[in-house]
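Only one structure is covered here, and it is reproduced in the block below.
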Amino acid sequence: MRHLFFVAALLGMSASAFGTPSHPLSATVTLAGAARTLPPLPPQLPAWLDSKQNNDIFYKRGAFNFAITNIPALNRDMNGVAVGHALAYEALVTGREKSLETTVWDQINHVLKNPPKFMPTEKSLSPTFGQKYGVLEQVFDWTHVSHAQTIDVLASPRFDNADKDAETTRVWDYYRDEGAPFTVTGLPMNMAWLDSQAYSGAFRRKYPKVNALFWGYHWLQTSIYDGLRDKTPEEQKKMYALLGRQYHDVELYDTKRPFMPMMAETSPLFSAKYPDIANAFDNLHMLHDMVNDILASDWMTGAQKTEQIKRAVYMMSPDAHNGCKPGENRGVIDGISHDHRFMAGMPGMGIMKTGIASEDKMPMSGHAGMNMAGMTMPATPAKGEEFDPTRLMWMPKMGWMDMSQCHHCSMPLTGGGDDPLSAWQNSTISAEGWTMRVRCALCARDMSAETKGGAILSLATEDPNRRVIVFSDERGNLTTDFKGAVFLEEKGGHPKCSQWSQAFTSRAAFDAYVAKNPKFKEAKPLSFEEWANVEAAGTPDTYEKEEGPVENPYAADLKTRGIAPDEGDGP
Amino acid sequence: MKRRFLLLGALMSGAIPAVAVDHDNIDANRPLDFDDAETIAFREKSSEVGAALAQPRGGKLGIAGDAEFLYGFAKNWHLNLGLNPALLDRNGSGRRFDVGDFAIGVQHNFNRETQSSPAFGFRADAYLPTSRDSSGVDFRLRGIASRKFGRYGRLHLNADLNVNTSPGAGEQRMLPDVILGYSQPLGYPRRFDRTLVAQVGLRAAPTNDNSAIVNIGVGLRQQVSQRSVFDLGIKSDISGAGNDRERFRVVAGYSTAF
Amino acid sequence: MKFNTTAVTRRVFAGLFATALVAPFATPSAFAHIAPCPYCAMTITQDTPTQDNEVALRIGRKRIEYKCVYCALAEAQTEYQGDLTVIAPSEKKGEPILISRKNGQWSAPDGACYVLNAPVKHKVCQEQARAFTSKEVAQKYLNANKDTLPGAKIVTLPELVKVSGA
Numbered sequence: 012m013r014h015l016f017f018v019a020a021l022l023g024m025s026a027s028a029f030g031t032p033s034h035p036l037s038a039t040v041t042l043a044g045a046a047r048t049l050p051p052l053p054p055q056l057p058a059w060l061d062s063k064q065n066n067d068i069f070y071k072r073g074a075f076n077f078a079i080t081n082i083p084a085l086n087r088d089m090n091g092v093a094v095g096h097a098l099a100y101e102a103l104v105t106g107r108e109k110s111l112e113t114t115v116w117d118q119i120n121h122v123l124k125n126p127p128k129f130m131p132t133e134k135s136l137s138p139t140f141g142q143k144y145g146v147l148e149q150v151f152d153w154t155h156v157s158h159a160q161t162i163d164v165l166a167s168p169r170f171d172n173a174d175k176d177a178e179t180t181r182v183w184d185y186y187r188d189e190g191a192p193f194t195v196t197g198l199p200m201n202m203a204w205l206d207s208q209a210y211s212g213a214f215r216r217k218y219p220k221v222n223a224l225f226w227g228y229h230w231l232q233t234s235i236y237d238g239l240r241d242k243t244p245e246e247q248k249k250m251y252a253l254l255g256r257q258y259h260d261v262e263l264y265d266t267k268r269p270f271m272p273m274m275a276e277t278s279p280l281f282s283a284k285y286p287d288i289a290n291a292f293d294n295l296h297m298l299h300d301m302v303n304d305i306l307a308s309d310w311m312t313g314a315q316k317t318e319q320i321k322r323a324v325y326m327m328s329p330d331a332h333n334g335c336k337p338g339e340n341r342g343v344i345d346g347i348s349h350d351h352r353f354m355a356g357m358p359g360m361g362i363m364k365t366g367i368a369s370e371d372k373m374p375m376s377g378h379a380g381m382n383m384a385g386m387t388m389p390a391t392p393a394k395g396e397e398f399d400p401t402r403l404m405w406m407p408k409m410g411w412m413d414m415s416q417c418h419h420c421s422m423p424l425t426g427g428g429d430d431p432l433s434a435w436q437n438s439t440i441s442a443e444g445w446t447m448r449v450r451c452a453l454c455a456r457d458m459s460a461e462t463k464g465g466a467i468l469s470l471a472t473e474d475p476n477r478r479v480i481v482f483s484d485e486r487g488n489l490t491t492d493f494k495g496a497v498f499l500e501e502k503g504g505h506p507k508c509s510q511w512s513q514a515f516t517s518r519a520a521f522d523a524y525v526a527k528n529p530k531f532k533e534a535k536p537l538s539f540e541e542w543a544n545v546e547a548a549g550t551p552d553t554y555e556k557e558e559g560p561v562e563n564p565y566a567a568d569l570k571t572r573g574i575a576p577d578e579g580d581g582p
Numbered sequence: 416m417k418r419r420f421l422l423l424g425a426l427m428s429g430a431i432p433a434v435a436v437d438h439d440n441i442d443a444n445r446p447l448d449f450d451d452a453e454t455i456a457f458r459e460k461s462s463e464v465g466a467a468l469a470q471p472r473g474g475k476l477g478i479a480g481d482a483e484f485l486y487g488f489a490k491n492w493h494l495n496l497g498l499n500p501a502l503l504d505r506n507g508s509g510r511r512f513d514v515g516d517f518a519i520g521v522q523h524n525f526n527r528e529t530q531s532s533p534a535f536g537f538r539a540d541a542y543l544p545t546s547r548d549s550s551g552v553d554f555r556l557r558g559i560a561s562r563k564f565g566r567y568g569r570l571h572l573n574a575d576l577n578v579n580t581s582p583g584a585g586e587q588r589m590l591p592d593v594i595l596g597y598s599q600p601l602g603y604p605r606r607f608d609r610t611l612v613a614q615v616g617l618r619a620a621p622t623n624d625n626s627a628i629v630n631i632g633v634g635l636r637q638q639v640s641q642r643s644v645f646d647l648g649i650k651s652d653i654s655g656a657g658n659d660r661e662r663f664r665v666v667a668g669y670s671t672a673f
Numbered sequence: 018m019k020f021n022t023t024a025v026t027r028r029v030f031a032g033l034f035a036t037a038l039v040a041p042f043a044t045p046s047a048f049a050h051i052a053p054c055p056y057c058a059m060t061i062t063q064d065t066p067t068q069d070n071e072v073a074l075r076i077g078r079k080r081i082e083y084k085c086v087y088c089a090l091a092e093a094q095t096e097y098q099g100d101l102t103v104i105a106p107s108e109k110k111g112e113p114i115l116i117s118r119k120n121g122q123w124s125a126p127d128g129a130c131y132v133l134n135a136p137v138k139h140k141v142c143q144e145q146a147r148a149f150t151s152k153e154v155a156q157k158y159l160n161a162n163k164d165t166l167p168g169a170k171i172v173t174l175p176e177l178v179k180v181s182g183a
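Taken in sequence, the protein lines are chains A, B and C.
Quick note: the first sequence uses my numbering, first residue 12, plus one each step.
Quick note: the second sequence uses my numbering, first residue 416, plus one each step.
Quick note: the third sequence uses my numbering, first residue 18, plus one each step.
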């Protein structure tokens with residue numbers, strides 16, 4: 012019957028097309044005896060948050076666009092992820108939330124398992140959601156474009172690594188500067204604070220299976236940056252054979268993940284090199300989680316949900332943090348955190364949960380003047396702090412760790428050699444769903460030998476734009492497509508491992524290094540085969556296991572989800 | 416002048432597409448006649464070409480084409496340039512090639528669709544007299560409203576006013592048209608590359624002595640690459656007097672963004 | 018309260034790498050980053066100065082750490098094909114039992130036996146499934162842990178392989 016009135020509706024509703032005034036709907040809602048306070052909207056919000064215009068902007072032109080199609084399996088998987096949030100959001104705003112863990116999960120899972128050839132248009136899949144939260148949809152769309160274009164740059168066979176770096180920066184500049192107000196800030200944000208809102212965690216508690224799919228494909232979206240970096244097209248395909256298997260077999264169905272995957276956990280080189288881009292993508296994913304939680308919070312009215320979504324969009328926008336700098340902590344102003352400190356050694360990662368009671372009242376002491384590229388962070392907590400949340404973070408399968416250190420030998424990632432590499436140029440190892448920076452070629456090789464399953468080693472060389480990419484199979488056999496690589500590996504303590512264990516692009520480069528470092532004049536240049544068959548040396552003399560303030564900072568959250576902190580997947 | 420409006424009428428007053436290069440963005444002529452209310456994106460460029468087999472009432476089977484270029488010159492605005500060459504037989508006098516009028520226009524989107532309002536837009540086109548027997552510049556103003564209909568479908572109402580600046584004897588100076596279009600993605604939520612389009616339209620006859628013409632059409636838009644769409648459709652004027660009617664028109668086209 | 022944020026050294030590896038290079042099977046605990054058990058996902062109990070706890074599975078160049086011998090044997094039968102060695106700590110510090118699979122046949126040193134408390138509770142599986150150099154020592158272990166291992170039995174390698182592979 013309602014359809015009979017469609018034409019009248021088409022013609023008659025223009026009067027209300029341009030928005031309604033927003034009313035502050037902050038409230039303290041009492042639910043089962045527990046009071047939950049919804050913060051009000053900050054004053055003087057930018058006009059674009061109420062815009063009713065489309066304001067579509069075309070993506071940056073470039074030869075790199077759609078280069079992802081060179082890796083067909085990855086291309087399809089990335090197309091598939093466009094469907095998940097759209098279907099779930101549409102279900103949540105059209106009264107079909109009860110089918111989320113059943114029918115909608117089946118629909119999303121089907122698409123993820125049978126991903127489409129072309130990228131679906133998210134707004135077509137969630138028209139009601141788009142009607143209600145159009146500005147949010149713009150933020151998502153525009154940032155997804157930047158996400159996709161950055162991946163295209165990294166996948167492009169037309170560019171060398173130096174050109175990719177330059178183009179990546181241009182894509183980011185276009186995203187920020189070319190006329191779209193609806194962007195996500197590139198500042199590091201305090202993730203622990205953002206995830207401590209009155210509604211936080213609602214979605215993952217109510218819809219664990221769908222949430223696992225979301226975090227599973229966020230894992231893919233964050234892992235792929237380092238996955239693609241510094242690799243030839245053939246290496247990229249081999250990489251995705253490994254990464255894609257992990258994605259489909261493990262990551263999509265991990266309902267016990269404590270927190271969304273972070274860029275620096277899965278693409279640490281990219282995050283160190285482009286902290287603002289990494290932060291923006293983390294912030295985007297956090298915005299997704301916040302919106303999920305708001306929509307899943309039955310105790311909020313529709314108007315309150317609308318207001319809190321608007322607040323969340325604003326919190327993630329550059330407009331909310333004018334004048335703020337990475338490393339600073341200005342505290343909470345007008346209900347919005349301006350804690351832009353980052354993890355030690357990792358400018359592309361905001362503060363993570365520590366599990367200490369005071370973490371939602373992060374102290375005002377900041378780290379003004381810190382140089383994001385320099386990676387220098389104070390080693391000791393500032394005066395008056397119980398625990399310096401910038402120093403250690405807790406990571407699934409790894410526990411507490413210091414991101415400024417090698418994950419194999421615990422030595423600092425920078426400053427260990429005569430010509431120290433900047434942190435984004437460290438070697439890495441990718442396995443079991445994580446990517447870790449390590450200090451030397453030996454650390455990468457030995458860590459891969461201790462890790463179940465296949466692995467990818469990305470070994471830094473004397474040339475910042477060339478890496479030796481090594482693949483490990485499930486038995487630890489190492490192979491590379493890189494011709495002519497030469498290795499130095501002398502016996503020594505790990506305080507100097509970045510000097511005595513190195514990969515070189517050629518014998519000439521090896522000789523030049525030895526000439527510059529006479530202490531290695533007796534060193535034998537190792538071919539790849541010789542180097543790859545050196546037995547793992549065991550625990551480095553410098554290895555230290557970090558201990559944080561609590562055993563697992565996510566224990567309480569996991570408990571509310573019915574997951575024991577130390578619960579495993581086994582029998 | 417009549418010549419031009421016959422041609423325009425045959426094209427159902429939609430020379431230039433509205434939104435480019437997604438199977439779910441509906442462009443006039445690709446393959447039906449209605450626009451959705453959205454413009455192409457700021458800085459986007461799009462080219463759209465099409466070819467049609469048309470059978471005018473009382474005439475032979477002919478060929479028509481169209482080529483268009485769009486440019487998003489500002490947010491929510493785009494410019495369009497188009498040409499509609501044809502080899503058609505009108506009034507049984509044999510097929511004649513006609514380069515068609517050169518069209519230049521703009522489209523603007525006022526707002527995106529919300530729960531309380533459809534998306535509204537308008538487009539304004541001028542037709543320069545480059546076709547055979549054409550004289551004077553003609554204009555068309557189109558109001559557009561698009562609104563969700565059903566879970567994934569959308570309705571699109573196009574209301575046109577065509578202004579014939581130098582009407583011949585017996586020709587109308589003002590010609591109103593209206594089209595109600597419908598678009599429905601096919602296969603959601605399992606496939607995402609195809610949209611069904613359908614329309615019913617009513618347009619005034621160009622000459623005073625004929626009655627209004629009712630038109631129907633159905634078509635398909637198929638994504639064929641990340642930035643291009645193939646379309647196929649068939650239209651027919653099902654009622655109305657005079658030789659301005661077409662028995663059918665089969666249209667195929669291709670759109671790409673760059 | 019001030020938290021101790023200083024790092025705790027897990028173990029300082031005595032000697033240079035040469036030791037490990039020539040003795041890859043010597044001590045199963047020579048691993049760097051501490052990761053959960055790949056089978057039960059529980060935190061792996063670390064070695065102490067007097068007792069080894071960490072189990073390792075060696076295949077090709079890989080040395081993967083497990084929480085108990087049951088976990089390692091279970092994964093060996095589902096995740097890995099071909100020859101491999103499970104390095105299971107015994108009652109003697111630094112003298113593990115090497116359980117090998119060669120051409121599909123399992124073998125271990127003569128006299129080696131195993132205590133198994135089935136079904137295994139993986140929170141404490143390093144206590145529930147252990148290798149011993151002799152039956153006498155295993156019995157002694159059982160007697161000393163009657164309360165915590167009420168259903169435990171001494172089993173042979175074929176029995177342990179069968180139960181863990183079920």
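Virtual Cβ for every residue (Gly too), placed ideally from N, Cα, C.
In whole angstroms, give me the CA-to-CA distance for residue i and residue j.
i         : j         : result
CYS417(A) : ARG216(A) : 35 Å
ASP624(B) : ASP553(B) : 21 Å
LYS79(C)  : ASN476(A) : 30 Å
ILE594(B) : LEU498(B) : 22 Å
PHE151(A) : ALA97(A)  : 11 Å
VAL261(A) : GLY444(A) : 9 Å
LEU49(A)  : SER532(B) : 29 Å
GLN522(B) : THR317(A) : 31 Å
MET381(A) : ASN437(A) : Confidence is the limiting factor: at MET381(A) the pLDDT is only 35, short of 50, which leaves the residue's position unreliable, though a coordinate-based value still follows. Each residue's Cα considered, the two are about 21 Å apart.
Identify whether residue i lies in helix, strand or coil by the three-state DSSP scheme.
i         : result
ILE162(A) : helix
TRP123(C) : strand
THR22(C)  : Summary for THR22(C): the model assigns pLDDT 35, below 50, so the residue's position carries little reliability, and this model does not support an answer.
TRP183(A) : helix
ALA69(A)  : The question names Ala, yet the displayed sequence has Phe at residue 69(A). In the structure shown, PHE69(A) sits in coil (DSSP, three-state: anything other than H, G, I, E or B).
SER348(A) : strand
GLY182(C) : helix
So who's on the other strand from residue i, going by DSSP bridges?
i         : result
CYS130(C) : PHE149(C)
HIS571(B) : SER561(B), GLY596(B)
ILE104(C) : ALA73(C), LEU115(C)
Review point. Along the segment 528–553 of chain B, what residues have a CB closer than 7 Å to any CB found in chain A?
Key: GLU528, THR529, GLN530, SER531, SER532, PRO533, PHE535
Point to revise | Every unbroken alpha helix (DSSP H) within the segment 405–491 of chain A, with a cutoff of 4 residues, ordered by chain | key: 452–460
Check your understanding: Which runs of the beta strand (DSSP E) fall wholly inside the segment 491–515 of chain A and span at least 3 residues, in chain order?
Key -> 497–500, 512–515
Check your understanding: When Cβ atoms are compared, which residues of the segment 43–72 of chain A fall closer than 7 Å to chain B?
Key -> LYS63, GLN64, ASN65, ASN66, ASP67, ILE68, PHE69
Review point. Mind listing which residues of the segment 65–82 of chain C have their C-beta closer than 8 Å to chain A's C-betas, in chain order?
Key: ILE76, GLY77, ARG78, LYS79, ARG80, ILE81, GLU82
Check your understanding: Going along the chain, which unbroken runs of the beta strand (DSSP E) with 3 or more residues stay wholly within the segment 466–525 of chain B?
Key -> 477–489, 492–498, 501–504, 510–513
Practice item. Taking a Cβ distance cut-off of 7 Å, strictly less, list which residues of the segment 70–99 of chain A are near chain B, in chain order. Key: PHE77, VAL94, LEU98
Point to revise | Contact list for the segment 485–509 of chain B against chain A, Cβ threshold 7 Å | key: GLY487, LYS490, ASN491
Check your understanding: Which of the residues in the segment 604–625 of chain B, read from start to end, lie with their CB under 7 Å from any CB of chain A?
Key -> PRO604, ARG605, ARG606, PHE607, ASP608
Check your understanding: What are the residues of the segment 442–463 of chain B that lie near chain A, defined by any Cβ-Cβ distance shorter than 7 Å?
Key -> GLU453, ALA456, PHE457, ARG458, GLU459
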